[in-house]
Amino acid sequence: MAPAVSCCFLALLLSASCEVVTSTEQMCIEKEAKTIYNCENLGLSEIPDTLPNTTEFLEFSFNFLPTVQDTTFSQLLNLTFLDLTRCQINWIHENAFQSHPQLSTLVLTGNPLIFVAETALNGPRSLKHLFLIQTGISSLEFIPAHNLKNLESLHLGGNYISSIKFPKDFPTGNLKVLDFQNNAIHYLSREDMDSLRPATNLSLNFNGNDIRGIEPGTFKSTVFQSLNFGGTVNLSVIFRGLHNSTIQSLWLGTYQDAEDQELSPIMFEGLCEMSVESMNLQNHYFSNLSLTTFQCFTHLQELDLTATHLHELPPGIKGMNLLKKLVLNVNSFDQLCQINAASFPSLTHLYIKGNRHKLQLGVGCLEKLENLQTLDLSHNNIEASDCCNLQLKNLPHLKSLNLSYNEPLSLQNEAFKACPQLELLDLARTSLAVKATQSPFQNLHFLQVLNLSYCSLDTSNQHLLAGLPNLRHLNLQGNRFKDGNIPKTSPFQMVSTLEILVLSSCDLSSIDQEAFHSLGNVSHIDLSHNSLTSSSISALSWFKGTYLNLATNSIRIIPAHLLPILSQQKIIRLSHNPLDCTCSNIHFLTWYKENVQKLKDFEEIRCANPPSLQGVQLSDVTLSCGMTAAGIFFLTVFLFLSAALLIYTVKFFLRWKYQHL
Amino acid sequence: MTRFVITLLVWTLISPGNGSWGGGTSWPTHTACRKEGLEVLYQSCDPLQDFGFSVDQCAKHLKPNLNIRVGIILREDIRELYLDIVLISKGASVFNYSYPICEVDLPKFSFCGRKKGEQLYYAGPMNNPGFEIYEGKYQVLLELYNEKRTTLACANATVICS
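Protein sequences appear in the order of chains H and X. Mapping of the first sequence onto my numbering: residues 518 to 1178, in sequence order. Mapping of the second sequence onto my numbering: residues 704 to 865, in sequence order.
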């Protein structure tokens, strides 16, 4: 019997020790030494003793804390941010945060709160952000108001709140953001709003509440930073209710899964009686789109009509002289001229991206937009055989042009002469046909950023980048060079002002030693995702103090004479290279140990050879290499000399001994 | 006696491993729909959690704009949400697709913008195109992720069409 009992005891001991091992595996992650810790998803039922009392930022979501009381966080006195999302908290007892004067953000999202004590939030000197999303709140009385006078944002989404009326003593004076998303608010009254009068420039979110009525005068002479009534079916209720208010940004969009109701011109009548700077109507349908639809839009500065099923904007819209920004993304235009741009003479920003039909640019469709500075025509299937001077006629102030993700464009010499002030040009993922020796970007004197990634460019054209005296950032990712080699004379030699050069995923296997000799200003060069070996490193000798990305290449051995080139750079990425960890690479391995501070994501720098060290981090490798030829020579000489000395000493000793006999 | 000791030892060594979640355990396989010769099975490949999913219709001639039901706990904010679909037939990937569900400048669905920790239940249209499913067995990998490339949901689905 006794052996059986002792066996059981042994087994229990073993199982206990195993459990200890598993729990120590699940440790909080230190994101910043002594201050930021992440303990998410660990199933913890208390604060681990391992957290230092200097912790300021604690992510503790998805753990298990049914009760929060004054002792729960008592060891972490410096907390400023505490995330307790989904910790199954039922109770927050008296003085739970009494000893946390610095606490400014408290996240309680997704906890089935039964009761929060009157003094539960006392303690923090300046609690600014409180998240009570999906905590089952049905009345605002539930929130202890004692210590909330500094509150700037209050998030109450996903609850059962039906009235926004705050209790009398609730301090709303400093509130900037009040979020009531997805509640059951159907009616807003003047009395409700009275409790929010002390707040200035408030952002109020009613997204996902079906508002069916607003008492007249509720929002009278109130100033809002933003108001969101997303998903509301009947917009006329909203417009009438907002009578006489001033709103910077009004979001009235709807969703694919929301009930459809067509917008008629009558609905917008209320807009004439209020002041709105920016308005969003995404995903709505317009019935009888006509000039009367827009008669109350005259004071708008920004209008977003994303995915509003538009085929055209009627010509002759009057009074939209103030409009600065117009968003027409994801609509169904066939031709750019169908937006009738002449109606918006003050426009500075125009976005037409992701059009559902293939968009024809036409000729001079935007020529009346003399003040236009930003134009986005990406993702539109645009195809043009001679781009872009006729299409973009008379855009003298255009600074930013996005033509990325389109069908092939054919560019001639000086293709962007129509917009000489361009500072940013994005042509990513749009195939460009440029005839040999032509310079499509000629005379773009102010161009600073040029994105030509995946443009299927002919990189053997020496003149491709001619005439760009101020280019600072060039992205050539995903373009190919002949034979995978950047020769001595390459197109980017024309742009000596470059600071950022991206040549990743270009299928490169070699770079000529002289290829970069004109690029003295480069501070960031990305050569990742190529097949470069260490023989290309000598081409980088022209760079000093740069951010150098050589990740995901074919670098195996870096010989000693190339190491000074790496030493003179500021930050180097070398991850995902098949690095050699044998003695033939000992110079680099030694250099690596001394320069770890220069290397980014060093945990991904791993050995590929020898097989025994495959996948091991370089930082874990310590090699003791055999002697070199010179070493062996000196050792032999040393041994030879010692032997000679020994023989001589013995001889001398014997002679001395026998002489004295 | 020794056999008893060994059994005990083996038991003690194995038992804590069974208890730990996420380690070797996998989520059960659920049926999204089974009708008219079409069967859709799925299994969550997110080690942290399972999720619920069903389709209101199940037919070889897949209708456009199907209604679906989804229930899940969000482990991240979904101001931006993207869906990646990989269709595998006979061991080879035949279809790869990435689709934005929520974007900052275009939140397509009412649940866009929900926060980490929220419980999400969606019953509504999927806005899919209609298409014909040919006979055979398909593997479908689905992943939902946000702008930080953090996985919100992951599913290994099997579609059997006979």
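From the three backbone atoms N, C-alpha and C, an ideal C-beta is built for every residue, glycine too. Computed from a predicted structure; not experimentally measured.
TODO: Verify the CB distance criterion: does D774/H have a CB-CB separation below 7 Å to chain X?
DONE: Here the question's residue 774/H lines up with position 257 in the first sequence. It does: the Cβ of D774/H has a partner Cβ on chain X nearer than 7 Å.
Open item on the list: To test your reading of the DSSP string, which unbroken beta strand (DSSP E) runs of 3 or more residues are found completely within the segment 621-674 of chain H?
Closed with: Taking only runs of at least 3 residues, the beta strand (DSSP E) segments lying wholly in the segment 621-674 of chain H are 622-624, 646-648 and 670-672.
TODO: Could you check what DSSP says for S712/H in three-state terms: helix, strand or coil?
DONE: Position 195 of the first sequence, counting from 1, holds the residue named residue 712/H. Per DSSP, reduced to three states, the secondary structure at S712/H is coil, with no helix or strand assignment.
TODO: From the DSSP output, in three-state form, read off A680/X for me.
DONE: The structure shown does not extend to residue 680/X, since chain X is modelled only from 704 to 865, so the question has no answer here.
TODO: Can you check DSSP and say which residues form a bridge with D787/X?
DONE: By 1-based counting over the second sequence, the position of residue 787/X is 84. Beta-bridge pairing links D787/X to S801/X and E846/X.
Open item on the list: Using a Cβ-Cβ distance cut-off of 7 Å, determine whether R603/H contacts chain B.
Closed with: This model lacks chain B altogether, as its protein chains are H and X.
Open item on the list: Do S977/H and T947/H count as a contact pair if the criterion is CB distance below 7 Å?
Closed with: What you label residue 947/H is simply residue 430 of the first sequence in a count that begins at 1. What you label residue 977/H is simply residue 460 of the first sequence in a count that begins at 1. In this structure, T947/H keeps its C-beta atom at 7 Å or more from the C-beta atom of S977/H.
Open item on the list: Could you compute how far the alpha carbon of I1122/H sits from the alpha carbon of K1110/H?
Closed with: As a working note, residue 1122/H is residue 605 in the first sequence. As a working note, residue 1110/H is residue 593 in the first sequence. Separation of I1122/H and K1110/H (C-alpha to C-alpha, rounded to the nearest whole angstrom) is 12 Å.
- [ ] Measuring alpha carbon to alpha carbon, tell me which of Q979/H, R997/H and S1136/H ends up nearest E1006/H.
- [x] Locating residue 1006/H in the first sequence gives position 489, where the first residue counts as 1. Checking the displayed sequence, the identity of residue 1006/H turns out to be Thr instead of Glu. The closest CA to that of T1006/H, considering only Q979/H, R997/H and S1136/H, is found on Q979/H.
TODO: Using a Cβ-Cβ cut-off of less than 7 Å, list which residues of the segment 1078-1099 of chain H approach chain X; keep chain order.
DONE: Those residues of the segment 1078-1099 of chain H that come within reach of chain X (Cβ to Cβ, closer than 7 Å) do not exist; the list is empty.
Task: Nearest-angstrom Cβ-Cβ length linking S1071/H and L1106/H, presumed shorter than 8 Å - done: Here residue 1071/H refers to the residue found at position 554 of the first sequence. Here residue 1106/H refers to the residue found at position 589 of the first sequence. At roughly 18 Å, the Cβ-Cβ gap does not stay under 8 Å, so S1071/H and L1106/H are not in contact.
TODO: Return yes when the Cβ of Q959/H is within less than 7 Å of the Cβ of G984/H, no when it is not.
DONE: As a first step, residue 984/H is located in the first sequence; it is residue number 467 there, counting from the start. As a first step, residue 959/H is located in the first sequence; it is residue number 442 there, counting from the start. In this structure, G984/H places its C-beta atom within 7 Å of the C-beta atom of Q959/H.
TODO: Report the three-state DSSP secondary structure of Q742/H (helix, strand or coil).
DONE: In the first sequence, counting from the first residue as 1, residue 742/H sits at position 225. DSSP, read as helix, strand or coil, puts Q742/H in strand.
Open item on the list: Measuring only the C-alpha atoms, how far is K682/H from E835/X?
Closed with: Along the first sequence, read from residue 1 onward, the residue named residue 682/H stands at position 165. Along the second sequence, read from residue 1 onward, the residue named residue 835/X stands at position 132. Those two C-alpha atoms are separated by around 53 Å.
- [ ] Look up Y868/H in the DSSP assignment and say whether it is helix, strand or coil.
- [x] Your numbering for residue 868/H matches position 351 in the first sequence. Y868/H: strand per DSSP, three-state reduction.
TODO: Could you check the C-alpha separation between P569/H and P750/X for me, to the nearest Å?
DONE: One-based indexing of the first sequence puts residue 569/H at position 52. One-based indexing of the second sequence puts residue 750/X at position 47. Taken atom to atom, the span from the alpha-carbon of P569/H to that of P750/X is near 29 Å.
Open item on the list: I need the DSSP call for W730/X, collapsed to helix, strand or coil.
Closed with: In the second sequence, the residue the question calls residue 730/X occupies position 27. Here W730/X sits in coil by DSSP.
- [ ] Could you name the residues that DSSP lists as bridge partners for Q765/H?
- [x] In the first sequence, residue 765/H corresponds to position 248, counting from 1. In the DSSP assignment, no residue is bridged to Q765/H.
Open item on the list: Within a Cβ cutoff of 8 Å, which residues of the same chain sit near E549/H, ignoring the five residues on either side of it in sequence?
Closed with: Here residue 549/H is taken as the residue at index 32 of the first sequence, counted from 1. Cβ neighbours of E549/H beyond the five flanking positions: F574.
TODO: Might you give, ordered along the chain, the residues of its own chain that have their beta carbon closer than 8 Å to the beta carbon of Y971/H, omitting 5 neighbours on each side?
DONE: Counting from one through the first sequence, the residue named residue 971/H turns up at place 454. A945, R946, Q994, G995 and N996.
TODO: Would you give the residue range spanned by the alpha helix (DSSP H) that P1110/H belongs to?
DONE: By one-based count along the first sequence, residue 1110/H stands at place 593. In the sequence on display, residue 1110/H carries Lys and not Pro. Start and end: I1103 to E1111.
Open item on the list: I'd like to know whether the C-beta atoms of I650/H and K818/X end up nearer to each other than 7 Å.
Closed with: Taking the first residue of the first sequence as position 1, residue 650/H is located at position 133. Taking the first residue of the second sequence as position 1, residue 818/X is located at position 115. When the beta-carbon positions are compared, I650/H and K818/X come within less than 7 Å of each other.
Task: Spatial distance of L620/H from L638/H (CA atoms) - done: By 1-based counting over the first sequence, the position of residue 620/H is 103. By 1-based counting over the first sequence, the position of residue 638/H is 121. Rounded to whole angstroms, L620/H to L638/H spans 10 Å at the Cα level.
Open item on the list: Contact criterion: CB-CB distance below 7 Å. Does I702/H meet it with respect to chain X?
Closed with: Start at 1 with the first residue of the first sequence, and residue 702/H comes out as number 185. Chain X contact via Cβ: absent.
Open item on the list: Below 6 Å, is the gap between the Cβ of D777/H and the nearest heavy atom of the ligand ATP?
Closed with: In terms of ligand content, the structure shown is empty, and the ligand ATP therefore cannot be addressed.
TODO: Kindly list, in the order they appear in chain H, the residues whose Cβ is closer than 7 Å to that of G827/X.
DONE: Along the second sequence, read from residue 1 onward, the residue named residue 827/X stands at position 124. Within 7 Å Cβ-Cβ: D774.
Task: V847/H: contacting residues in chain X (beta-carbon distance under 7 Å) - done: Reading the first sequence from its first residue, position 330 is the one you call residue 847/H. Here the neighbours are L809.
Open item on the list: Considering only their Cβ atoms, is the gap separating I1082/H from S1052/H smaller than 7 Å?
Closed with: One-based indexing of the first sequence puts residue 1052/H at position 535. One-based indexing of the first sequence puts residue 1082/H at position 565. Annotated as distal: S1052/H and I1082/H, with beta-carbon spacing of 7 Å or more.
TODO: Would you grab the beta carbon distance between D709/H and S680/H for me? Rounded to a whole angstrom, and I think it's under 8 Å.
DONE: Position 192 of the first sequence, counting from 1, holds the residue named residue 709/H. Position 163 of the first sequence, counting from 1, holds the residue named residue 680/H. About 6 Å; that satisfies the 8 Å criterion.
Open item on the list: Across the segment 780-800 of chain X and the segment 824-831 of chain X, are there enough close Cβ pairs to call them in contact, namely three or more that are closer than 8 Å?
Closed with: No, because fewer than three Cβ pairs between the segment 780-800 of chain X and the segment 824-831 of chain X fall closer than 8 Å, the two stretches do not touch.
- [ ] Could you check what DSSP says for P913/H in three-state terms: helix, strand or coil?
- [x] Counting from 1 along the first sequence, the entry for residue 913/H is found at position 396. Three-state DSSP puts P913/H in coil, outside helix and strand.
TODO: Output yes or no for whether 7 Å exceeds the beta carbon distance between L878/H and F861/H.
DONE: Within the first sequence, numbered from 1, the residue matching residue 878/H stands at position 361. Within the first sequence, numbered from 1, the residue matching residue 861/H stands at position 344. L878/H is not a Cβ neighbour of F861/H, given a cutoff of 7 Å.
Task: T823/H: contacting residues in chain X (beta-carbon distance under 8 Å) - done: As a working mapping, residue 823/H is identified with position 306 in the first sequence. Residues of chain X with a Cβ closer than 8 Å to the Cβ of T823/H are, in chain order, D808 and L809.
Open item on the list: Using beta carbons (cut-off 7 Å, strictly below), is T891/H in contact with chain X?
Closed with: Locating residue 891/H in the first sequence gives position 374, where the first residue counts as 1. No, no contact with chain X.
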